[in-house]
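There are 4 protein chains.
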Amino acid sequence: MTATLTERGTHRVQRAHVAALHAELTRYGLVTWTSGNVSERVPGEDLFVIKGSGVSYDDLSWEGITVCDLDGGVVDGVRKPSSDTDAHAHVYREMPEVRGQVHTHSPYATAWAARGEEIPCVLTAMADEFGGPIPVGPFALIGDDSIGRGVVTTLRGSRSPAVLMRNHGVFTVGPSARAAVKAAVMTEDVARTVHLSRLLGDPLPIAQSDVDALYARYQNVYGQ
Amino acid sequence: MTATLTERGTHRVQRAHVAALHAELTRYGLVTWTSGNVSERVPGEDLFVIKGSGVSYDDLSWEGITVCDLDGGVVDGVRKPSSDTDAHAHVYREMPEVRGQVHTHSPYATAWAARGEEIPCVLTAMADEFGGPIPVGPFALIGDDSIGRGVVTTLRGSRSPAVLMRNHGVFTVGPSARAAVKAAVMTEDVARTVHLSRLLGDPLPIAQSDVDALYARYQNVYGQ
Amino acid sequence: MTATLTERGTHRVQRAHVAALHAELTRYGLVTWTSGNVSERVPGEDLFVIKGSGVSYDDLSWEGITVCDLDGGVVDGVRKPSSDTDAHAHVYREMPEVRGQVHTHSPYATAWAARGEEIPCVLTAMADEFGGPIPVGPFALIGDDSIGRGVVTTLRGSRSPAVLMRNHGVFTVGPSARAAVKAAVMTEDVARTVHLSRLLGDPLPIAQSDVDALYARYQNVYGQ
Amino acid sequence: MTATLTERGTHRVQRAHVAALHAELTRYGLVTWTSGNVSERVPGEDLFVIKGSGVSYDDLSWEGITVCDLDGGVVDGVRKPSSDTDAHAHVYREMPEVRGQVHTHSPYATAWAARGEEIPCVLTAMADEFGGPIPVGPFALIGDDSIGRGVVTTLRGSRSPAVLMRNHGVFTVGPSARAAVKAAVMTEDVARTVHLSRLLGDPLPIAQSDVDALYARYQNVYGQ
Numbered sequence: 010m011t012a013t014l015t016e017r018g019t020h021r022v023q024r025a026h027v028a029a030l031h032a033e034l035t036r037y038g039l040v041t042w043t044s045g046n047v048s049e050r051v052p053g054e055d056l057f058v059i060k061g062s063g064v065s066y067d068d069l070s071w072e073g074i075t076v077c078d079l080d081g082g083v084v085d086g087v088r089k090p091s092s093d094t095d096a097h098a099h100v101y102r103e104m105p106e107v108r109g110q111v112h113t114h115s116p117y118a119t120a121w122a123a124r125g126e127e128i129p130c131v132l133t134a135m136a137d138e139f140g141g142p143i144p145v146g147p148f149a150l151i152g153d154d155s156i157g158r159g160v161v162t163t164l165r166g167s168r169s170p171a172v173l174m175r176n177h178g179v180f181t182v183g184p185s186a187r188a189a190v191k192a193a194v195m196t197e198d199v200a201r202t203v204h205l206s207r208l209l210g211d212p213l214p215i216a217q218s219d220v221d222a223l224y225a226r227y228q229n230v231y232g233q
Numbered sequence: 010m011t012a013t014l015t016e017r018g019t020h021r022v023q024r025a026h027v028a029a030l031h032a033e034l035t036r037y038g039l040v041t042w043t044s045g046n047v048s049e050r051v052p053g054e055d056l057f058v059i060k061g062s063g064v065s066y067d068d069l070s071w072e073g074i075t076v077c078d079l080d081g082g083v084v085d086g087v088r089k090p091s092s093d094t095d096a097h098a099h100v101y102r103e104m105p106e107v108r109g110q111v112h113t114h115s116p117y118a119t120a121w122a123a124r125g126e127e128i129p130c131v132l133t134a135m136a137d138e139f140g141g142p143i144p145v146g147p148f149a150l151i152g153d154d155s156i157g158r159g160v161v162t163t164l165r166g167s168r169s170p171a172v173l174m175r176n177h178g179v180f181t182v183g184p185s186a187r188a189a190v191k192a193a194v195m196t197e198d199v200a201r202t203v204h205l206s207r208l209l210g211d212p213l214p215i216a217q218s219d220v221d222a223l224y225a226r227y228q229n230v231y232g233q
Numbered sequence: 010m011t012a013t014l015t016e017r018g019t020h021r022v023q024r025a026h027v028a029a030l031h032a033e034l035t036r037y038g039l040v041t042w043t044s045g046n047v048s049e050r051v052p053g054e055d056l057f058v059i060k061g062s063g064v065s066y067d068d069l070s071w072e073g074i075t076v077c078d079l080d081g082g083v084v085d086g087v088r089k090p091s092s093d094t095d096a097h098a099h100v101y102r103e104m105p106e107v108r109g110q111v112h113t114h115s116p117y118a119t120a121w122a123a124r125g126e127e128i129p130c131v132l133t134a135m136a137d138e139f140g141g142p143i144p145v146g147p148f149a150l151i152g153d154d155s156i157g158r159g160v161v162t163t164l165r166g167s168r169s170p171a172v173l174m175r176n177h178g179v180f181t182v183g184p185s186a187r188a189a190v191k192a193a194v195m196t197e198d199v200a201r202t203v204h205l206s207r208l209l210g211d212p213l214p215i216a217q218s219d220v221d222a223l224y225a226r227y228q229n230v231y232g233q
Numbered sequence: 010m011t012a013t014l015t016e017r018g019t020h021r022v023q024r025a026h027v028a029a030l031h032a033e034l035t036r037y038g039l040v041t042w043t044s045g046n047v048s049e050r051v052p053g054e055d056l057f058v059i060k061g062s063g064v065s066y067d068d069l070s071w072e073g074i075t076v077c078d079l080d081g082g083v084v085d086g087v088r089k090p091s092s093d094t095d096a097h098a099h100v101y102r103e104m105p106e107v108r109g110q111v112h113t114h115s116p117y118a119t120a121w122a123a124r125g126e127e128i129p130c131v132l133t134a135m136a137d138e139f140g141g142p143i144p145v146g147p148f149a150l151i152g153d154d155s156i157g158r159g160v161v162t163t164l165r166g167s168r169s170p171a172v173l174m175r176n177h178g179v180f181t182v183g184p185s186a187r188a189a190v191k192a193a194v195m196t197e198d199v200a201r202t203v204h205l206s207r208l209l210g211d212p213l214p215i216a217q218s219d220v221d222a223l224y225a226r227y228q229n230v231y232g233q
């Protein structure tokens, strides 16, 4: 993150696309003020694009998105990249199949994260999208790749494209930024419904074989 | 669901009407991403129209609605119909008085569904619209007509136009798509109010004779 | 409610004003579908204007508001008046100082109503506006003036401009329709905050002398 | 607050800026009806600007903002200043480093305030912004500087730019009105997430050394 910030206007179409995807984060109430970010790998290059630090969602155009290399260094852009850039970079280096990532502090999911408690798979929509519970990753301080390492380790032990980082928030991955945004939206949706259900009793479990059947069908239909 | 997807533009006015009704699902927060769907029987024909699978609510025009026969086979349209089409088709075959249906995963109602717990009738507005508790249907996997069978069986034992399918979500029926949409909106509304009430104690029961009187008056005034 | 429905266009300015006030009910999430209504006394005449029955909030103009006499009979308008008209009429007959009324099923307030539990005065904003707890009125069936009687009896025993009718919802009154709308908005606001506070413990009481001082100051500053 | 209300149009740019900042209070649901207010010190003068009393958020332009001296007396404007003006004035007199303030009754934060319970620091975002728990100030009646004294005393014992005044609501401060608005938005955000987390168990604590490290990094990056 030490390169000079200069705007050359490369990857402008993809940056505009990623900028526009942030509108889903505000639409679904996943972010507050300038928190939260979406990133995406640049096809065919060892680069990714990511939201600039402290950029308001109202003003977000392609110029609010910065191009970074896979060490998190700035390659193009006038905004310092998100303070979560090191975490995104680590995940891209370690998991080449991941092409998009999202980070939020969405309230219901972060409430589970604050307790360090995974979200149990008690909804058919959750079996579809996550294939089981949404797991919890370790507590990690920002500032190096410890968040990224926690995300990668947790994702490798799960079918879920989402991780709840302890006392922190949500990280999701996908084959595109759009898929990672969908996973972030669905994470908050199921975090809320399961929370509400638990408040008045115990949600009924879904048999593992049914979870497996639902997940297999959904991944086949919608491809992931 | 094996017919070729070709667009002939039949039933365009009704498809536009059903497309527009989906705006009530987003307005009231009943749906997330592309989940949820509305369908309606075509008057005088053994057909119904239903939302296409994975179509965004932002882009929903008549072309996002597909025409199906009562076995769920595609008759006209360029979008694969909703993956819930088999359930809708089954209900239309078994219950000819049903002319419209809605399916959502609205959060408060689905929270009750995840516990497999009916919503007790403790609000006068609920007695009006539902005539008693909102019942729970069985757990059923998607992919054949087992969801539709569960909906039909549960509706037949109840005055309610809404069923909470276990661990899944809400199915509503009505004499039109608009009536089924209203039932879906009211289901979430009463699911939320009764949930909130229960969090701090026990809602007071309404005498069965009062529930009956309210239901009779409301159905007479608003016709259903 | 037996007069012929004909539109003569009288009281058009006031009807437009009352129609526009309904936008506050939707803005603050107090109403669902077509439920809820605002009414206001016509100055200098034994009349009031009230929302038509089943009129959508999207389409609400002066023509959706009907003019009634103080027995609830229609004097001017093409829409059958709200099914709550008898209740409004009763309150206007019994309490001449009441010039505006609002009825909603707003969710948090109705959750207290379903338990038949008054909202305790544990917020300074509640002392300002309500001068004490928001009281609960009796269970009453719609269709005669039993709801109106319950509202009047409960209001007379309280400083509060709002009543929670058991298992039903909220009725508010004021020196104008706008004041009654404000009371309805504030009722849901304090119903929610006190609900949230109670979920995790016991809100601290406010001394009666402080409630009295806050109420006296606020009523003096804002006049009511 | 005894000066004559006359509009001379001084400080018009700053008043327009402060008027516009109120839009963040409505966007994030922190205020209801006309409650809540933002103020800001005028650079280089012993003055501050603050929202007028009872001004609607819909109509808020620079003319809805009044200029006051540090005793709360009106210097310019046609609107009586907010009834919280004495509290703002007291804080500006006692804490010259404070250049902006916000007051709200935002629901989740006020729910903590009604119990007189501080919000524990169990989220990394909370460590960043608040550097520890959000503290509770005393119960105080409006009408003199007792609210202001409570705010100042509580802020001096804490890193937090926000105080929960008992049974009342939120007061935040910052080096600008915008910073105080951000603190008010983040206060409600963390109040909600910690509330939700506590409903289903005990959030995990964050070690004090980690809170300190997060706070030091964030204050360094974003300056405060």
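Protein chains in written order, with the numbering used here: chain A, 10 to 233; chain B, 10 to 233; chain C, 10 to 233; chain D, 10 to 233. For glycine and all other residues, C-beta sits at the position ideal for the given N, C-alpha and C.
Exercise for the section: Counting only the same chain and skipping the five closest in sequence on each side, list residues whose C-beta sits under 8 Å from that of His204 of chain C. Expected result: Locating residue 204 of chain C in the third sequence gives position 195, where the first residue counts as 1. Result list for His204 of chain C: Tyr117, Ala120 and Trp121, in chain order.
Exercise for the section: Check whether the segment 33-44 of chain D touches the segment 184-202 of chain D, taking contact to mean three or more Cβ pairs, one atom from each stretch, closer than 8 Å. Expected result: yes
Practice task
List in chain order: all unbroken alpha helix (DSSP H) runs of 4+ residues lying wholly within the segment 16-103 of chain B.
Solution key: 21-36 and 94-103
Problem - Proximal chain D residues relative to Pro123 of chain A, where beta-carbon distance stays under 9 Å - result: Here residue 123 of chain A is taken as the residue at index 114 of the first sequence, counted from 1. Sequence inspection shows Ala at residue 123 of chain A; the Pro mentioned does not correspond to that position. Near Ala123 of chain A (Cβ distances below 9 Å), the residues of chain D are Val131, Leu132, Thr202, Val203, Leu205, Ser206, Arg207, Pro212 and Leu213.
Practice task
List the endpoints of the continuous beta strand (DSSP E) containing Ala171 of chain D.
Solution key: Along the fourth sequence, read from residue 1 onward, the residue named residue 171 of chain D stands at position 162. Note, Ala171 of chain D: beta strand (DSSP E), Ala171 to Met174.
Exercise for the section: Could you pull out every residue in the same chain whose Cβ sits closer than 7 Å to the Cβ of Glu197 of chain C, ignoring the five residues on either side in sequence? Expected result: The count along the third sequence starts at 1 and reaches residue 197 of chain C at position 188. Only Tyr37, Leu39, Ser115, Tyr117 and Ala118 meet the Cβ criterion.
Problem - Per-residue DSSP class, three states only, for Ile8 of chain B - result: In this structure chain B extends from 10 to 233, so residue 8 of chain B is not present and cannot be described.
Handout entry: Beta-carbon proximity of Leu208 of chain D to Leu208 of chain C, cut-off 8 Å
Key = By 1-based counting over the fourth sequence, the position of residue 208 of chain D is 199. By 1-based counting over the third sequence, the position of residue 208 of chain C is 199. Yes; because the gap between Cβ atoms is below 8 Å, this pair is in contact.
Practice task
Using 10 angstroms around the beta-carbon of Gly73 of chain C, count the other beta-carbons present and answer buried if the total reaches 16, otherwise exposed.
Solution key: For the purposes of this step, residue 73 of chain C is taken as the residue at position 64 of the third sequence. Classification for Gly73 of chain C: buried.
Practice task
Tell whether a beta-carbon distance below 8 Å holds between Lys89 of chain B and Ser65 of chain B.
Solution key: Residue mapping note: residue 89 of chain B aligns to position 80 of the second sequence, counting from 1. Residue mapping note: residue 65 of chain B aligns to position 56 of the second sequence, counting from 1. No.
Handout entry: Reduced DSSP secondary structure (H/G/I, E/B, other) of His177 of chain D
Key = On the fourth sequence, position 168 is the one that residue 177 of chain D refers to. In this structure, DSSP gives His177 of chain D a state outside helix and strand, which the three-state scheme calls coil.
Problem - Alpha carbon of Phe139 of chain D to alpha carbon of Val182 of chain A, nearest angstrom - result: By one-based count along the fourth sequence, residue 139 of chain D stands at place 130. By one-based count along the first sequence, residue 182 of chain A stands at place 173. Rounded to the nearest whole angstrom, the CA to CA distance from Phe139 of chain D to Val182 of chain A is 30 Å.
Exercise for the section: May I ask you to list, following chain order, the residues of the segment 175-197 of chain D that have a beta carbon less than 8 Å from some beta carbon of chain A? Expected result: Cβ contacts with chain A: Lys191, Val194 and Met195.
Handout entry: Contacts of Pro116 of chain D in chain C (Cβ-Cβ under 8 Å)
Key = Numbered from 1 along the fourth sequence, position 107 holds the residue referred to as residue 116 of chain D. The answer, in chain order, is Asp198, Arg201, Thr202 and Leu205.
Exercise for the section: Could you tell me if the beta carbon of Val203 of chain B falls within a distance shorter than 7 Å of some heavy atom in the ligand NAD? Expected result: Ligands are entirely absent from the displayed structure, and the ligand NAD is therefore not among its contents.
Problem - Where the segment 37-60 of chain D meets chain C: residues whose CB sits under 8 Å from a CB there - result: Residues are counted here when their Cβ sits less than 8 Å from a Cβ of chain C; for the segment 37-60 of chain D these are Thr41, Trp42 and Ser44, given in chain order.
Practice task
Please go through the same chain and pick out, in chain order, the residues whose beta-carbon is closer than 7 Å to the beta-carbon of Trp71 of chain A, but skip the five residues on each side of it.
Solution key: Position 62 of the first sequence, counted from the first residue, corresponds to residue 71 of chain A. The residues are Arg21, Arg24, Ala25 and Ala28.
Exercise for the section: Decide yes or no for the touch test of the segment 76-86 of chain C against the segment 44-64 of chain C: beta carbon pairs closer than 8 Å, at least 3 of them. Expected result: yes
Practice task
Count the other C-beta atoms from every protein chain shown that fall within 10 angstroms of the C-beta of Thr11 of chain A, then say buried if there are 16 or more, exposed otherwise.
Solution key: As a working mapping, residue 11 of chain A is identified with position 2 in the first sequence. Its pLDDT being 46, under 50, Thr11 of chain A is placed unreliably in this model, and the value from its coordinates should be taken loosely. Classification of Thr11 of chain A: exposed, given that the 10 Å Cβ count is below 16.
Exercise for the section: Check whether the Cβ atoms of Asp85 of chain C and Glu127 of chain C sit closer than 8 Å, and answer yes or no. Expected result: Here residue 85 of chain C refers to the residue found at position 76 when the third sequence is read from its first residue. Here residue 127 of chain C refers to the residue found at position 118 when the third sequence is read from its first residue. Going by C-beta atoms, Asp85 of chain C is not nearer than 8 Å to Glu127 of chain C.
Problem - Asp219 of chain B - partner residues in DSSP beta bridges - result: To locate residue 219 of chain B, count along the second sequence from 1; it is residue 210. Bridge partners of Asp219 of chain B: none, in fact.
Handout entry: Nearest-angstrom Cα separation, counted from Ala171 of chain B out to Arg201 of chain B
Key = Stepping through the second sequence from its first residue, residue 201 of chain B is reached at position 192. Stepping through the second sequence from its first residue, residue 171 of chain B is reached at position 162. Answer to the nearest angstrom: the Cα atoms are 15 Å apart.
Problem - Beta-carbon spacing of His112 of chain A, Val161 of chain A below 8 Å - result: Looking up residue 112 of chain A in the first sequence gives position 103. Looking up residue 161 of chain A in the first sequence gives position 152. No. Outside cutoff.
Exercise for the section: Return the residues of the segment 219-233 of chain B that lie within a Cβ-Cβ distance of less than 9 Å from chain C, sorted by chain order. Expected result: Asp219, Ala222, Leu223, Arg226, Tyr227, Val230 and Tyr231
Practice task
Note down the Cα distance separating Ser206 of chain A from Arg124 of chain B, rounded to an integer number of angstroms.
Solution key: Numbered from its first residue, the first sequence carries residue 206 of chain A at position 197. Numbered from its first residue, the second sequence carries residue 124 of chain B at position 115. Cα to Cα, Ser206 of chain A sits roughly 7 Å from Arg124 of chain B.
Exercise for the section: Give a yes or no on whether the minimum CB-CB distance between Gly82 of chain A and chain D is below 8 Å. Expected result: Your numbering for residue 82 of chain A matches position 73 in the first sequence. No, Gly82 of chain A lies away from the interface with chain D (no Cβ there is under 8 Å from its Cβ).
Practice task
Report yes if the CB atom of Leu150 of chain A is closer than 8 Å to the CB atom of Leu132 of chain D, and no otherwise.
Solution key: The count along the first sequence starts at 1 and reaches residue 150 of chain A at position 141. The count along the fourth sequence starts at 1 and reaches residue 132 of chain D at position 123. Going by C-beta atoms, Leu150 of chain A is not nearer than 8 Å to Leu132 of chain D.
Exercise for the section: Whole angstroms is fine: what's the gap from Gln217 of chain B's alpha carbon to Met174 of chain B's? Expected result: The residue labelled residue 217 of chain B in the question sits at position 208 within the second sequence. The residue labelled residue 174 of chain B in the question sits at position 165 within the second sequence. Rounded to the nearest angstrom, the gap between the Cα atoms of Gln217 of chain B and Met174 of chain B is 25 Å.
Handout entry: Bridge partner(s) assigned by DSSP for Glu153 of chain A
Key = Sequence index remark: in the first sequence, residue 153 of chain A carries index 144 (1-based). The question names Glu, but residue 153 of chain A in the sequence shown is Asp. BP columns for Asp153 of chain A point to A:Ile151.
Exercise for the section: Would you mind telling me which residues of chain B sit closer than 8 Å to Ile151 of chain C, beta carbon to beta carbon, in chain order? Expected result: Taking the first residue of the third sequence as 1, we reach residue 151 of chain C at position 142. Within chain B, the residues near Ile151 of chain C are Thr133, Leu223 and Arg226.
Handout entry: Val220 of chain C, buried or exposed, once every other Cβ within 10 Å from all chains shown has been counted against 16
Key = Here the question's residue 220 of chain C lines up with position 211 in the third sequence. Val220 of chain C should be labelled buried.
Handout entry: Residues that DSSP places opposite His112 of chain D in a beta bridge
Key = Position 103 of the fourth sequence, counting from 1, holds the residue named residue 112 of chain D. For His112 of chain D, which the question treats as bridged, DSSP gives the partners D:Asn46 and D:Phe180.
Exercise for the section: To the nearest angstrom, report how far apart Ala136 of chain C and Ser167 of chain C are at their CA atoms. Expected result: As a position in the third sequence, residue 136 of chain C is number 127, starting the count at 1. As a position in the third sequence, residue 167 of chain C is number 158, starting the count at 1. One C-alpha to the other measures close to 12 Å.
Practice task
Whole angstroms is fine: what's the gap from Ile59 of chain D's alpha carbon to Tyr101 of chain D's?
Solution key: As a first step, residue 59 of chain D is located in the fourth sequence; it is residue number 50 there, counting from the start. As a first step, residue 101 of chain D is located in the fourth sequence; it is residue number 92 there, counting from the start. Roughly 12 Å separates the two Cα atoms.
Exercise for the section: Name the two residues that bound the continuous alpha helix (DSSP H) containing Asp198 of chain B. Expected result: Sequence index remark: in the second sequence, residue 198 of chain B carries index 189 (1-based). Counting along the chain, the alpha helix (DSSP H) containing Asp198 of chain B begins and ends at Ala186 to Leu208.
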